[in-house]
Amino acid sequence: MKKVFIITGEYSGDMHGSKVAELLKEKMPDIEIEGIGGVNLQNQGVKLFCDHSKMSGFGLSLKMIIDHLSLEKRVCNYILNEFKPDIVLCIDYGTFNLRVAKRLKGSGIKVFHYIPPQVWASRKWRIKGIKKYVDKVLCIFPFEEEMYKEYGIDVHYCGHPLIKQLPKKANKEEFFKKHGLDINKPLVSVFPGSRPLELKFLANTLIGGAKLLQKKHPELQFCISHAPSLNDDVFDKYIKDTDFKVIRGENQALLSVSDSLILASGTVALEAALYQVPLIIGYGGPWIIYLAYLLFRCIKKVSLPNIVTGEDIVPELIQTKFTKENICYETERLLYDTQYRADTIEKLGHVREKLSNKFSAEEVANCIITELT
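No gaps in the numbering here: position 103 of the sequence shown is 132 in this note's numbering, and each next residue is one more.
Rendered as structure tokens:
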């Protein structure tokens with residue numbers, strides 16, 4: 030019996046991993062799959078070594094770092110001495126997964142890395158560790174494939190998982206009715222982040238920009254996305270002075286029915302681009318972190334739509350430009366400058382054109398099966 034162990038570190042990896050597990054079981058019914066993950070992997074019959082909720086918040090405290098290192102040691106001991114899989118599939122979560130790959134090197138267990146670290150964005154030296162410890166890279170952006178090949182790394186371009194997994198646009202009338210929104214008023218939605226540290230550094234400015242916009246344009250209505258990963262006590266203190274409607278756990282539907290978006294950077298920007306909804310990106314933090322970012326970055330763009338296309342489609346308000354006044358101004362342009370809005374929507378369509386139409390999870394499953402047979 031062939032065995033695969035899947036390692037994820039957060040919800041998105043668990044979701045992507047569950048699609049791979051589902052396809053592996055369809056194509057190889059007798060395959061045995063275990064891993065670190067969440068409810069999505071579990072729903073596919075994957076036996077969990079532990080729930081990946083234990084991995085969230087890495088780096089926030091000494092205890093969490095110690096817990097992470099302890100988990101790394103325990104899972105590697107289990108993989109090497111008990112489960113003994115043919116392949117370990119690491120999904121995203123680069124720091125942890127590369128350390129696991131290093132421990133497994135020389136054991137005869139193959140390590141595949143799906144959604145590898147974004148070495149093209151910063152800390153490019155990490156590619157040396159990938160070359161040394163990872164047997165096959167399964168990348169999701171077309172420009173990654175060429176980069177890894179240049180370093181002599183075995184790589185396969187799988188396509189981006191969002192191309193096949195992103196839900197269709199929600200029915201706007203039904204969504205507005207469900208949440209008590211006015212179908213005749215433009216909707217601006219704010220996505221302040223899904224982690225406590227993001228809220229700490231971003232929420233007040235992002236929401237402040239929306240409040241300024243509301244003051245200038247009473248004809249608008251506003252929603253704030255509440256990430257399911259955030260507890261109410263963490264989230265609620267940032268919205269206590271607003272009358273914005275809060276919507277929890279419906280990120281993609283909210284993205285798809287909005288007229289304009291105010292976002293923290295991340296995958297959510299790529300989702301918005303694929304829905305062709307105009308957006309701005311805002312990001313700021315302590316100067317020491319920003320200076321480190323400037324030192325180690327490899328590219329100047331920060332939002333995935335701009336990176337994928339090589340165009341400046343999405344306004345990026347970073348650090349000194351990250352003010353509520355700039356957020357208000359850029360969002361006004363997207364809403365009220367008719368030509369600029371139309372041009373932006375057209376250019377957002379270039380994002381999908383740059384990404385292939387591959388079924389990413391199936392590409393990963395096929396690569397694993399090829400290795401196993």
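Ideal Cβ positions, reconstructed from N, Cα and C, are used throughout, including at glycine.
Bear in mind that the values here come from a model prediction, so they are computed numbers and not experimental data.
Using DSSP with H/G/I as helix, E/B as strand and the rest coil, what is residue i?
| i | result |
| --- | --- |
| Tyr365 | helix |
| Glu179 | helix |
| Arg381 | helix |
| Ile276 | strand |
| Val286 | helix |
| Cys168 | strand |
| Cys26 | One cannot answer for residue 26 here, as it falls past the ends of the chain, which runs 30 to 402. |
| Glu63 | strand |
| Ile356 | helix |
| Ile342 | coil |
| Ile192 | helix |
| Asn386 | coil |
| Ile336 | helix |
| Ile398 | helix |
| Pro225 | helix |
| Leu259 | coil |
| Ile291 | strand |
| Asn370 | Strictly speaking, residue 370 in this sequence is Arg, with Asn absent from that position. Helix. |
| Gln281 | helix |
Classify residue i as buried or exposed, calling it buried when 16 or more other Cβ atoms lie within 10 Å of its own Cβ.
| i | result |
| --- | --- |
| Ala239 | buried |
| Phe78 | buried |
| Ala25 | Residue numbering for the chain in the displayed model covers 30 to 402; residue 25 lies beyond these limits and cannot be assessed. |
| Leu242 | buried |
| Lys206 | exposed |
| Phe220 | buried |
| Asn69 | buried |
| Tyr186 | buried |
| Lys165 | buried |
| Thr402 | exposed |
| Thr367 | exposed |
| Leu384 | buried |
| Ala298 | buried |
| Asp272 | exposed |
| Tyr40 | buried |
| Thr338 | buried |
| Glu300 | buried |
Rounded to the nearest angstrom, what separates residue i and residue j at their Cα positions?
| i | j | result |
| --- | --- | --- |
| Ile342 | Met30 | 49 Å |
| Ile131 | Gln348 | A small correction: the amino acid at residue 131 is Lys; Ile does not occupy that position in the sequence shown. Roughly 35 Å separates the two Cα atoms. |
| Ile192 | Gly295 | 16 Å |
| Glu61 | Val33 | 6 Å |
| Gly67 | Lys245 | 44 Å |
| Gly188 | Val217 | 30 Å |
| Tyr107 | Lys48 | 24 Å |
| Leu91 | Val129 | 20 Å |
| Gly46 | His208 | 32 Å |
| Asp59 | Gly135 | 27 Å |
| Lys201 | Glu51 | 31 Å |
| Asp288 | Asn355 | 18 Å |
| Asp115 | Ser332 | 37 Å |
| Lys157 | Leu210 | 51 Å |
| Phe87 | Met93 | Reliability of the predicted coordinates at Phe87 is poor, the pLDDT of 42 falling under 50, and no value is obtained from them. |
| Glu279 | Ser254 | 8 Å |
| Lys330 | Ala293 | 14 Å |
| Lys161 | Gly222 | 34 Å |
| Tyr319 | Cys252 | 29 Å |
| Leu133 | Ala390 | 24 Å |
| Lys387 | Pro196 | 16 Å |
| Ala302 | Tyr369 | 16 Å |
Along the beta strand (DSSP E) that carries residue i, what are the first and last residues, could you check?
| i | result |
| --- | --- |
| Gln250 | 250 to 255 |
| Lys350 | Here Lys350 belongs to no beta strand (DSSP E), and DSSP marks it neither H nor E. |
| Leu118 | 116 to 120 |
| Val140 | 139 to 143 |
| Lys32 | 32 to 36 |
| Val219 | 216 to 220 |
| Lys417 | Because residue 417 is not part of the residues shown, which for the chain are 30 to 402, the question remains open. |
The alpha helix (DSSP H) with residue i in it runs from where to where?
| i | result |
| --- | --- |
| Gly311 | First-last for Gly311: 308 to 312, but that is the beta strand (DSSP E), not the alpha helix (DSSP H). |
| Tyr107 | 91 to 107 |
| Ser47 | 40 to 56 |
| Asp211 | No alpha helix (DSSP H) holds Asp211; DSSP gives it neither H nor E. |
| Ala232 | Neither: Ala232 is in no alpha helix (DSSP H) and is coded neither H nor E. |
| Phe125 | 123 to 133 |
| Leu303 | 296 to 303 |
| Arg155 | 155 to 162 |
| Leu70 | 68 to 72 |
Hey, residue i and residue j are a contact pair by Cβ (cut 8 Å); roughly how many whole angstroms apart?
| i | j | result |
| --- | --- | --- |
| Leu363 | Pro307 | 4 Å |
| Ile144 | Ile120 | 6 Å |
| Tyr122 | Gly38 | 3 Å |
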